[in-house]
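Position in the sequence shown counted from 1, then plus 1166, gives you our numbering. Remarks on the structure that follows.
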Amino acid sequence: MKDYILWIVAILCFLLIVYMIYLFIKHKKLLKQETKQYAPIGDIKTINQYISHQLILGNKEQVCVLLAGHGTILPTIDYKVLAEKLSHHFKVIIIEKPGYGYSSSPKPLSSIDEIIEFYRLSIKEEVGVNPFILVAHSMAGLEAIYWAQKYPNEVKTIVGIDACVPYSYEVLPKPNHMVIGVSRLFMRIGLARLFPFEDLVKLYPILNSDDLSDEEKNRYIANFYRTLYSKQMITEIKILNQSIKKILSQSVPSTRYLMFIASEQNQKYNGWKEKIDQYLEGIKDQKVYVLKGSHYLHYEQSAFIAKAIIDKEA
């Protein structure tokens, strides 16, 4: 009886391994097809050993640079709704870091300094000599702050869309590196392709948006399978504490701040708004809004945010 059970277990394990191999092969085949079907929609540049993808909308003199939050799988689509509204008044540049969207590199950017330099090289030709507006979502708030610390003459205004400040991580849960590692393995094997569409919508509410075409939604999903839990995304989690220490070792940049806080995020994490207020204490030129919605205010509240930026900066 015992040998019979062991045989059943062995057969089931073998079938599971065969199924995993089948999924992996099918996943790789689909990735190749999707790469051909959904070519980059913006401009591709080679910067040293990095491939930089960015989308530019509008041709005005004043520049808005949009920085996507951590784990954003396709920033050029994620920011589309807001960028189009801003493009009538600004030159809007959406940058994708390596491991995000259509940008890539042989190795991850391993410090916040390298990330900022990648951004600067990517937009060097487009921004000219005048200071620009940094629009940052979520964890990109740290990048915007550090950019303004290192190069204060380049940053005119920091616009935070439910953006993090160094103190935010006192109220956020600590990253679980084991869960992240297992999730990356699942993505690489192709298990994520078994997720029903309804589950993807819960992760990425933008897939429910009427502002995106079916082609754009399919492009977004294709990039989900290809880029989520990329090496760059995981590296950014590993260097998070180091990045926060670097920012806190310097004074708060004395630039202008326009901050939009999501009501749901503020309810979910006790002290979310207070940590932003605490960090910006002493900054005279600031405006903080609490808007109804989730962490993804840049498309849920795109009209309000665009108008506020235009009224303040255009």
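We treat Cβ as the ideally placed atom computed from N, Cα and C, and that holds for glycine. All figures in this text were calculated on a predicted structure; none of them were measured in a lab.
The Cβ atoms of residue 1216 and residue 1274 do not sit closer than 8 angstroms to each other. Between residue 1346 and residue 1403, the C-beta gap is smaller than 8 angstroms, which places the two residues in contact. Every alpha helix (DSSP H) stretch that sits fully inside the stretch 1374-1423 and reaches 4 residues is listed by chain position as 1380-1393, 1397-1404 and 1406-1414. Inter-residue distance for residue 1415 and residue 1429 is about 30 angstroms (C-alpha atoms, whole angstroms).
If you draw a 10 Å sphere on the C-beta of residue 1179, you find fewer than 16 other C-beta atoms in it, and that means exposed.
A direct Cα-Cα distance of roughly 41 angstroms separates residue 1474 from residue 1199.
Residue 1249 and residue 1323 have their C-alpha atoms spaced approximately 16 angstroms apart. The stretch 1355-1367 makes contact with the stretch 1388-1407, as at least three CB pairs between them are under 8 angstroms. Taking every protein chain shown into account, the CB of residue 1219 has 16 or more other CB atoms within 10 angstroms, so this residue is buried. The criterion of a C-beta distance shorter than 8 angstroms is not satisfied by residue 1337 and residue 1173.
Contact between residue 1224 and residue 1253 holds, with the beta-carbon distance rounding to 3 angstroms and staying under 8 angstroms.
Residue state for residue 1263 is assigned as coil, using DSSP reduced to three classes. In this structure, residue 1259 places its C-beta atom within 8 angstroms of the C-beta atom of residue 1231. Assigned with DSSP and collapsed to three states, residue 1188 falls in helix. If one requires a minimum length of 4 residues, the alpha helix (DSSP H) runs lying completely within the stretch 1443-1477 are 1463-1466, in chain order. Each of 1452, 1434, 1408 and 1419 was checked against the Cα of residue 1277, and the nearest Cα belongs to 1408.
Fully contained in the stretch 1304-1388 are the following alpha helix (DSSP H) runs of length 4 or more, in chain order: 1306-1316, 1343-1355 and 1363-1369. Annotated as distal: residue 1427 and residue 1413, with beta-carbon spacing of 8 angstroms or more. Counting the other CB atoms within 10 Å of its CB gives residue 1188 a total below 16, which places it among the exposed residues.
Shown here for residue 1314: same chain residues with a beta carbon closer than 7 angstroms to its own, the five before and five after excluded, namely 1321, 1324, 1419 and 1421 in chain order.
Residue 1301 sits buried, since 16 or more C-beta atoms from the chains shown fall within 10 Å of its C-beta.
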